[in-house]
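Encoded as structure tokens, the structure appears first; notes follow it.
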Amino acid sequence: MEPSRPSACAIQSVSLQSSRGGTSKSCLKQRQEWAPIFVRYMAQIGSFEVRRAALTDVEEIAAAHLDSIRSIGALYYTPEIVSDWGARVGGDLYVNAMARGEVFYITVGELDGKPDVLGFSSHRIHGKEHRTAVYVRGRAARLGIGSALFRSAEAGAISAGATGIHVDASLAAVEFYKANGFEEVGRGEHRLWSGRRMACVFMRKRISGC
Numbered sequence: 119m120e121p122s123r124p125s126a127c128a129i130q131s132v133s134l135q136s137s138r139g140g141t142s143k144s145c146l147k148q149r150q151e152w153a154p155i156f157v158r159y160m161a162q163i164g165s166f167e168v169r170r171a172a173l174t175d176v177e178e179i180a181a182a183h184l185d186s187i188r189s190i191g192a193l194y195y196t197p198e199i200v201s202d203w204g205a206r207v208g209g210d211l212y213v214n215a216m217a218r219g220e221v222f223y224i225t226v227g228e229l230d231g232k233p234d235v236l237g238f239s240s241h242r243i244h245g246k247e248h249r250t251a252v253y254v255r256g257r258a259a260r261l262g263i264g265s266a267l268f269r270s271a272e273a274g275a276i277s278a279g280a281t282g283i284h285v286d287a288s289l290a291a292v293e294f295y296k297a298n299g300f301e302e303v304g305r306g307e308h309r310l311w312s313g314r315r316m317a318c319v320f321m322r323k324r325i326s327g328c
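For our numbering, add 118 to where a residue sits in the sequence shown, where the first one is 1.
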């Protein structure tokens, strides 16, 4: 579940489990190598960068979040589910999440010739679990942006001790997660704030070497 989200079943939401045992030297080395704060990539839409988000980015994060739900999520869910899913998305959602310790990463690139936030990911710790989510604008999908965002959030989780990754993926995100090393382990539903039920797929990824 993702308390900081308007829906527990995000388009791309992940849960990472902490290790209960010791940490190997190879895992420590991996964590050091996987902890980028700022990365620049090239894509078909031009160059884009992944960086840690600040409070000044929250409105742009909200806009990207809603775009993702309405453009990608709408291909897999009814209009009623999509409406409920995005109903409580706003800048305050991310301000409050940051105040609770959640870390956000954003991709900045050009759409229609001007800089814009193309998507975001996040990492937070809830109990013994590390959780993350990834959302990408519809026009920025299938360009490697989501995977780049996921790697940044995953890096933060690994640096904090995560060894296993579990995700309650929306139907829209299943293929994305398979491409990033996840396997399906079951199916279920999440209850939205309205009481409507949203189908999700439970998936798992093991972090090798840890």
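Heads up, the beta-carbon is just placed ideally off N, CA and C, and yes, glycines get one too.
Take the alpha-carbon of ALA271 and the one of GLU198: they are about 30 Å apart. For GLY245, no beta strand (DSSP E) segment is defined, and its DSSP state is neither H nor E. Relative to the Cα of PHE294, the nearest Cα in the group LEU236, ALA180, VAL252 belongs to VAL252. For GLY306, the enclosing beta strand (DSSP E) begins and ends at 301–309. Boundaries of the beta strand (DSSP E) harbouring VAL221: 221–229, taken from the DSSP string. Per DSSP, ASP185 is one residue of the alpha helix (DSSP H) stretching across 176–189. Residues of the same chain with a CB within less than 6 Å of the CB of VAL176, apart from the 5 flanking positions on each side, are GLY209, TYR212, VAL213 in chain order. Collapsing the DSSP output to three states places GLY262 in coil.
ILE325 sits in coil when the DSSP states are folded into three classes, being neither helix nor strand. For VAL285, no alpha helix (DSSP H) segment is defined; the enclosing uninterrupted segment is the beta strand (DSSP E) at 280–288. Around ASP185, the same chain offers ARG255, GLY256 as residues with beta carbons nearer than 7 Å, after the five sequence neighbours per side are excluded.
In this model, ALA180 and ARG324 are separated by some 30 Å (Cα to Cα). In the three-state DSSP reduction, ALA251 falls in the strand class (E or B). Checking the DSSP bridge columns, you'll see MET316 partnered with HIS308. Annotation: the continuous alpha helix (DSSP H) that includes GLY204 extends over 197–204.
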